[in-house]
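Student: Residue numbers (our numbering): 11 to 174.
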């Protein structure tokens, strides 16, 4: 059943979406509730394929789909940010701006991903939507720098690396 939803997202068939939901009216709720934990959600598929209208339709039916994470702990917002799908980024942050703060398996939030991939327009949308996520990114980098700092003990003969 979940495969039918993902196929509908790939093919942009809202009729297929309707048919699948008719067969199992709770299918989108099941995705949102984590019943298919780690599975690729139809929102992830629509986002990856830059299908804004289909993503909007899914979110209209089940807004909690924004919170679904794939096996790498990435949200649909991570994927949209990585690919520079600016319109979908806008739709996703409008639906749930708190997803700007969610970190994937590598510890990156959507802002990190957009910055690393050089997706400037997506980054601008994310910063506008969630300044707290920007602060989170800066604090993460500062913690990393502090983690890597070298402290010398008072006795020069016992110099060693210590992590703050």
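Where a beta carbon is used, it is the ideal one built from N, C-alpha and C, also for glycine.
Here the structure is a predicted model, which is why all the values come from computation and not from measurement.
(1) Quick one: Cα of residue 82 to Cα of residue 61, how far?
(2) How would you call residue 69, buried or exposed, if buried means at least 16 neighbouring beta carbons within 10 angstroms?
(3) Answer with buried or exposed for residue 30, where buried requires no fewer than 16 other C-beta atoms within 10 angstroms of its C-beta.
(4) Below 8 Å on the Cβ atoms is my contact criterion, and I expect residue 192 with residue 98 to pass it. Report the Cβ-Cβ distance as a whole number of Å.
(5) From the DSSP output, in three-state form, read off residue 138 for me.
(6) Leaving out five residues on either side along the sequence, give the residues of the same chain with a beta carbon under 8 Å from the beta carbon of residue 73.
(7) Following the continuous alpha helix (DSSP H) through residue 66, name the residue where it begins and the one where it ends.
Tutor: Taking the geometry as given:
(1) Residue numbering aside, residue 82 sits at position 72 when the chain shown is read from its first letter. Residue numbering aside, residue 61 sits at position 51 when the chain shown is read from its first letter. Each residue's Cα considered, the two are about 21 Å apart.
(2) Working through the chain shown from its first residue, we reach residue 69 at position 59. Under this definition residue 69 is a buried residue.
(3) For the purposes of this step, residue 30 is taken as residue 20 along the chain shown, with counting starting at 1. Per the 10 Å Cβ criterion, buried.
(4) Missing from the structure shown is residue 192; the chain here goes from 11 to 174 and no further.
(5) Along the chain shown, read from residue 1 onward, the residue named residue 138 stands at position 128. Correct three-state label for residue 138: helix.
(6) For this step, residue 73 is matched to residue 63 along the chain shown. Counting only Cβ-Cβ distances below 8 Å, and skipping sequence neighbours, we find 105 and 106.
(7) Counting from one through the chain shown, the residue named residue 66 turns up at place 56. That run of the alpha helix (DSSP H) goes 62 to 71.
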